[in-house]
Structures are given as structure tokens and as C-alpha cells.
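Throughout the sequence shown, residue numbering follows UniProt numbering, covering 1 to 612 in sequence. Below is one structure, written out as C-alpha cells, with a few remarks after it.
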Amino acid sequence: MSDLLNQIQSPADLRQLSLEQLPQVADELRAYVLESVAQTGGHLSSNLGTIELTVALHYVFNTPEDRLVWDVGHQTYAHKVLTGRRDRMPTLRQYQGMSGFPKRDESEYDTFGVGHSSTSVSAALGMALAARQKGERRHTVAIIGDGSMSAGMAFEAMNNAGVSDADLLVILNDNEMSISPPVGALNRHLAKLISIYNTAKDTAKSVLGPMPVLLEMVKRLEEHAKGVLVPGTLFEELGFNYVGPIDGHDLESLVHALERIRNAKGPQFLHVITKKGCGYKLAEADPIAYHGPGKFDVAKGLQKGPASSGKTFTQIFGDWVCDMAEQDERLVAITPAMREGSGLVEFERRFPRRYYDVGIAEQHAVTFAAGLACEGLKPVVAIYSTFLQRAYDQLIHDVALQNLPVVFAVDRAGIVGADGATHMGLFDIAYLRCIPNMGILTPADENECRRLLSTAYAQPGPVAVRYPRGNGAGVAIEPGLEPLPYGKGEIRREGKNVAILAFGTLLYPALEAAEQLDATVVNMRSVKPLDIELLEQIARAHETIVTIEEGCIAGGAGSAVMEALQRLKLARPVLQLGLPDQFIEHGDSQKLKNMHGLDAAGIARSVQAFLA
1 MSDLLNQIQS PADLRQLSLE QLPQVADELR AYVLESVAQT GGHLSSNLGT
51 IELTVALHYV FNTPEDRLVW DVGHQTYAHK VLTGRRDRMP TLRQYQGMSG
101 FPKRDESEYD TFGVGHSSTS VSAALGMALA ARQKGERRHT VAIIGDGSMS
151 AGMAFEAMNN AGVSDADLLV ILNDNEMSIS PPVGALNRHL AKLISIYNTA
201 KDTAKSVLGP MPVLLEMVKR LEEHAKGVLV PGTLFEELGF NYVGPIDGHD
251 LESLVHALER IRNAKGPQFL HVITKKGCGY KLAEADPIAY HGPGKFDVAK
301 GLQKGPASSG KTFTQIFGDW VCDMAEQDER LVAITPAMRE GSGLVEFERR
351 FPRRYYDVGI AEQHAVTFAA GLACEGLKPV VAIYSTFLQR AYDQLIHDVA
401 LQNLPVVFAV DRAGIVGADG ATHMGLFDIA YLRCIPNMGI LTPADENECR
451 RLLSTAYAQP GPVAVRYPRG NGAGVAIEPG LEPLPYGKGE IRREGKNVAI
501 LAFGTLLYPA LEAAEQLDAT VVNMRSVKPL DIELLEQIAR AHETIVTIEE
551 GCIAGGAGSA VMEALQRLKL ARPVLQLGLP DQFIEHGDSQ KLKNMHGLDA
601 AGIARSVQAF LA
């Protein structure tokens with residue numbers, strides 16, 4: 001049997017093959033993606049689940065002239081291989097290598113840059129209506145997962161598309177999984193559709209099994225039959241012609257359905273059922289573990305590595321929230337579909353009635369927390385920095401304006417590494433600092449993280465505690481839930497002339513650099529409220545002030561220091577160290593920090609250059 005995948009340099013090559021050859025292409029593609037991710041790390045379960053769908057889409061549609069818009073985009077490895085980027089797979093998610101998500105500047109086949117969820121239908125609708133306005137004949141397809149469909153933005157777009165009469169196809173990739181299991185009424189509705197479909201299919205097989213000719217005829221008419229079996233679905237009410245559900249791993253059914261829909265006018269909706277991790281039994285059995293694995297041996301699967309020398313910040317938060325819940329029955333925890341990533345697995349097990357996974361719905365999560373706080377509960381919202389920005393109006397209007405006591409445990413703050421620009425947590429200090437009533441705390445290590453979470457929890461208004469991905473400094477963790485003083489920093493090293501004000505975990509490289517510079521180092525702990533008393537003391541005793549933070553310089557903690565010095569009428573030269581006014585691309589986290597001068601050597605070098 002010839003190697004078909006090696007013959008495909010672009011979708012045009014794929015379209016030269018016969019329908020009968022496509023299953024072999026899918027098998028080779030699945031094996032290649034599996035081997036590639038095992039060598040580089042990356043998103044696996046979602047990619048193995050969309051192999052056949054990707055092949056069918058590029059086979060039926062004339063890409064790149066026809067537009068494919070992927071939601072989230074972490075399931076596009078097969079798409080990248082089929083569109084001429086197979087030779088770049090060994091560089092996946094590495095510095096200056098191929099992105100793990102679609103990027104417009106990487107390929108003309110990547111029609112829309114993505115990384116966050118629920119944007120595909122809006123973008124695809126815009127493209128479809130632009131084509132109509134320009135008089136261009138092309139097809140536009142949005143591919144969205146069932147988890148992403150729980151977000152309000154997806155339904156805003158569906159609501160608009162349904163009355164636009166746009167030639168738009170929305171494909172629901174229904175694998176009953178986002179990262180954590182999906183939740184909500186929509187998922188119950190989808191489950192009902194699948195149940196009806198499966199019952200009808202099983203009945204047909206049992207009755208027509210002895211009559212293969214009739215059974216094949218039923219299979220060919222399957223999509224039409226489903227439309228009869230499940231009339232008046234939610235999607236039809238929104239103005240879409242609903243087709244499905246169909247087996248997302250049956251290439252023949254997929255191709256026939258897509259060919260028929262391709263020639264239809266108006267909004268179309270195709271519901272396909274896929275299985276995360278399909279074709280790799282270990283990933284099928286545990287799709288969450290294989291959602292985003294590091295490097296692994298395909299034959300052995302994921303293996304437990306050597307025990308870590310310390311806990312991650314996420315684990316510190318997970319321990320704290322359980323301990324505080326034991327002490328205060330008012331505490332409730334909220335996550336927008338990130339139970340595992342945010343460290344709430346144990347909390348859900350121990351306090352199921354006080355745990356709320358609201359799905360991929362950050363806006364709802366924040367206002368939901370506000371409602372809980374209004375009734376005397378103490379909500380803790382566990383959320384990534386990059387996703388909190390999706391709920392900005394809710395932060396201002398629903399939480400801060402009413403000064404409600406909501407704790408935001410802001411994980412993945414700062415540089416996150418391989419996921420790249422869409423997932424960097426660089427903007428939270430800047431976008432939170434300007435909100436009245438909002439506090440921002442920046443722990444330097446694991447122990448401070450635990451204690452500052454308690455500090456935030458004790459406040460009468462909203463407070464965000466930001467901490468990075470990964471392990472801390474390995475310091476001893478004090479038992480108990482004793483808070484630190486709110487808005488107060490500490491001097492960690494006495495020096496001369498230069499004072500380095502560190503916000504967060506960059507305290508430790510700052511201390512190392514200070515040995516070379518003989519500088520004073522202050523662990524500020526809090527961006528807002530800023531410790532004005534300590535700042536004035538430091539400014540009066542030093543000639544030069546240096547601020548350092550793992551976030552954007554523009555509007556960040558350094559800006560807060562400069563504003564405060566101006567109010568104090570203390571004219572001091574200030575060097576602000578942090579991330580520049582640009583999006584930071586994917587790569588190893590430490591390498592990215594080194595590149596931007598946020599390691600000890602870089603800090604010392606920047607200060608020396610500033611003083612020269």
C-alpha cells in the first residue's frame with residue numbers, strides 16, 4: 001500500500017484522490033499527528049478527534065478560496081499538515097516554530113487567528129457577508145465544538161446569522177467534551193438529539209441487518225432521516241437548516257453531507273459526533289489527561305515523572321480554597337470550564353454543592369459571582385488571566401461598581417509559554433488597575449500566594465490575586481490561613497543608590513541581580529492599593545527606582561509607581577522593566593523571560609545601562 005500522505009503537499013493534491021482512498025489518508029494522518037505530538041508535546045485528544053472531519057472539509061471545499069474558520073484552533077494540526085506545513089510539525093509550539101493555533105501570517109489557509117473560544121461563527125459570518133457584498137462566490141465554514149457553543153458570543157452570532165440569509169455553514173463538532181466535561185442545558189439538548197439518533201440507527205440495523213441492500217440505502221439516506229426524526233431543533237428555530245447528527249469518523253457520510261450542503265443556500269448547520277482521542281486507546285480512555293500532554297512514549301503513554309520539589313501555584317490555590325471552605329461555609333468556587341487547569345478537582349469532590357462550573361462563559365461567571373455575593377456568599381472565581389479579560393464589562397459594572405466581595409484567583413498570569421500570544425497573561429494588571437474598588441495582589445512565592453489569598457478573602461470588596469503557571473520558588477509553606485497586611489510590602493534587601501521594586505515572582509531574580517548591583521530590593525506584594533508609605537521611604541533614600549513585573553509595562557505596576565511619585569512630588573528617575581508593547585509569541589517560558597531581560601542577568605544589564 002502506497003504512502004498517500006507523502007503525496008499531499010496541499011489540499012489540491014488531496015482532492016485528486018478517490019473517496020475510497022480517504023480512509024487511508026485519515027489513518028496515516030492520525031498516526032503522524034500522534035507521533036508528532038508525542039515528540040513535541042501539544043494538544044492531542046482534540047486533534048485525534050477531528051482527523052476525518054478535516055480531511056472531508058479540505059476534500060469537499062476549495063480551500064483556501066473557500067474559508068474554513070476554526071473555533072479555539074487547538075484541533076488544527078491535521079489542517080496544518082494537509083496545507084503544506086508537515087515539515088514544520090517538529091517545531092510545533094517552540095520558539096520561532098509553528099504555532100499550535102491558526103495564524104493568518106503563517107498560512108493563507110489560516111483565515112482567522114484564534115486561541116480563545118466561541119469566535120468562529122461571528123468571524124465566519126463576517127467573511128460570508130463580505131463575500132456577498134463584494135460579489136465573490138465562495139463558501140464559508142465555521143467549525144465549533146460543543147463546549148464553545150455554551151458561550152453567549154456563539155449564540156449572538158447564530159442569532160444574527162439566522163436572519164442574514166448568509167451562505168454560511170456552521171459545523172458543530174460534538175465530542176461531549178471541552179477541556180472539562182461540558183455543562184448546561186444546551187449539552188442536555190445535544191445529548192437528547194444523539195440519543196434519538198442512536199436509537200433510530202440501532203433499530204434500523206437490527207431490522208434491516210439481514211437485508212444489506214436496504215441497510216445500505218438507509219445509510220445513504222441517513223442525514224435526511226435524522227432531519228425527520230429531530231424536527232424543530234433549537235438550531236432550526238435560530239434560522240438554520242439543521243442536518244445531523246452524523247458520525248464524524250465516517251468519511252463517506254461526511255463527504256456526502258458536505259457535498260449536499262455546499263450547494264444549499266442560506267445558513268446551514270451540520271451536527272457531527274466525534275470522539276476525543278479517537279484511534280489512540282489511551283487518549284480515548286482519558287481525554288482530559290491527553291488534552292495537552294508534554295512529550296511521551298506512544299507505546300507506554302503518559303508516565304508519572306519524578307516527584308516535583310515543590311507545588312505549583314495552581315496546587316497552592318487548590319489547597320487554600322479547600323482549607324478556607326472548611327473554615328467558612330459561605331465560600332463557593334466558580335470556574336468557566338477549567339476545573340482541572342484551575343486546581344478545583346479536589347474542591348468539587350469535597351464540596352460539590354458549593355462548586356459551580358458554568359461552562360465556557362466568562363461573562364456569566366463574573367456576574368453570577370456578583371449575584372452570589374449579593375446574597376451573602378463569598379465567591380472565589382478561578383480563572384486564567386487571558387480569559388478574565390473576556391469579562392471586562394462585568395468586572396466593572398457588576399462587581400466593582402457595587403464593591404462586591406469577590407476574589408479572583410487569576411492563574412497563568414505573565415508568560416505562559418507554548419500556547420503563545422492568545423494565552424499570555426500580560427494585561428491583567430493594566431486592565432484591572434484602572435477599575436475603582438478593585439485590589440490587585442502579586443505574591444512572590446507559594447507561601448505568599450496562600451497568605452495573600454486569605455488577605456483577599458478578608459476584604460469587603462473585589463480583589464484579584466495573580467500568580468503564574470508552574471512551580472514557585474520552593475519555599476516552605478506555613479500552615480493555617482493567616483492573611484498578610486493588605487496593601488503592604490516589605491524590604492527584602494538593603495542596598496545603596498538603586499531600589500528595585502518587585503511585583504510578583506520576579507522578586508527572586510531581582511534579589512540575585514541586586515547582589516551584583518548592591519541594590520535595595522522591595523517585595524511590593526500589592527499593585528493596588530500601593531504601599532505609598534513604603535514607596536515614599538524608599539524614594540527618599542535612593543537616587544534611582546527600578547520596577548519589575550511580569551506583565552505589560554504600559555499601564556502596569558511601574559506606571560502606578562510613577563503616578564504615585566508624581567503625587568508625592570518626588571522626582572526620581574524610574575526604570576520600568578516588564579514586557580514591551582507587543583504580543584509575545586510562543587516558546588519556552590524561561591527563554592522568553594531571558595529574551596526580554598526578566599532574568600537576573602537581564603535585570604542587572606538593564607539597570608547598569610540605565611545608570612551609564
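Backbone N, C-alpha and C fix where the C-beta goes; we use that ideal spot for every residue, glycine too.
It is roughly 7 Å from the alpha-carbon of Gln516 to the alpha-carbon of Ala604.
Cβ contact annotation for Pro64 (same chain, cutoff 6 Å, sequence separation greater than five): Glu108 and Tyr109, in chain order. Close CB contacts of Arg450 within its chain, under the 7 Å cut and outside five residues either way in sequence, are with Ile316, Trp320 and Ile477 (chain order). Distance check between Lys300 and each of Lys311, Lys281, Phe313 and Ile288 places Lys281 closest, using alpha-carbon atoms only. DSSP links Ser526 through a beta bridge to Leu441. Residue nearest to Asp174 within the set Lys275, Leu5 and Ser99 is Lys275 (criterion: CA-CA distance).
Contact annotation: Ala78 and Leu29 have beta-carbon atoms nearer than 8 Å. One thing to note: Thr422 has its Cβ within 8 Å of the Cβ of Thr386. Beta-bridge analysis with DSSP links Trp320 to no other residue.
Between Gly279 and Ile143, the alpha-carbon positions lie close to 21 Å from each other. Non-local C-beta neighbours of Ala473 in its own chain, meaning closer than 6 Å and more than five positions away in sequence, comprise Asp445 and Tyr508, ordered along the chain. Gln389 has no beta-bridge partner at all, per DSSP. Taking all protein chains in view, the Cβ of His116 is crowded by 16 or more other Cβ atoms within 10 Å, so the residue is classified as buried.
Per DSSP, the unbroken beta strand (DSSP E) holding Gln576 starts and ends at Val574 to Leu579.
Bridge partners of Leu501 according to DSSP: Val522 and Thr547.
Within the segment 259-343, complete alpha helix (DSSP H) segments of at least 4 residues are found at 281-285 and 313-327, given in chain order. For Thr367, the three-state secondary structure derived from DSSP is helix. In the three-state scheme derived from DSSP, where H, G and I count as helix and E and B as strand, Gly359 is classed as coil.
With a cutoff of 8 Å on beta-carbon distance, Gly277 and Ser45 are scored as near each other.
Assigned with DSSP and collapsed to three states, Lys593 falls in helix. Between Gly126 and His74, the alpha-carbon positions lie close to 22 Å from each other.
In the DSSP assignment, Asp247 falls within the beta strand (DSSP E) that extends over Asn241 to Asp247. Cβ contact annotation for Asp323 (same chain, cutoff 7 Å, sequence separation greater than five): Leu481, in chain order. Taking every protein chain shown into account, the CB of Asn6 has fewer than 16 other CB atoms within 10 angstroms, so this residue is exposed. One thing to note: Thr455 has its Cβ no nearer than 8 Å to the Cβ of Glu494. When DSSP states are grouped into helix, strand and coil, Pro379 belongs to the strand group. By the Cβ test, the segment 91-105 is not in contact with the segment 130-139, since fewer than three Cβ pairs between them sit closer than 8 Å. In its chain, beyond the 5 residues on either side, Thr547, Ile553 and Gly558 have a beta carbon closer than 7 Å to the beta carbon of Gln576. Here Asp518 is exposed: its Cβ has fewer than 16 other Cβ atoms, across all protein chains shown, within 10 Å. A direct Cα-to-Cα measurement between Asn447 and His249 gives close to 48 Å.
In this chain, the alpha helix (DSSP H) harbouring Arg567 covers Ala557 to Arg567.
By DSSP's assignment, Glu490 forms a beta bridge with Asn523. Ranked by Cα distance from Tyr356, the first of Pro379, Gln363 and Gly341 is Pro379. Between Arg466 and Gly439, the beta carbon gap of about 11 Å keeps them out of contact (Cβ cut-off 8 Å). Excluding residues up to 5 positions away in sequence, Leu125, Leu168 and Pro267 lie with their Cβ nearer than 6 Å to the Cβ of Ala161 in the same chain. Annotated three-state conformation of Cys374 is helix, per DSSP.
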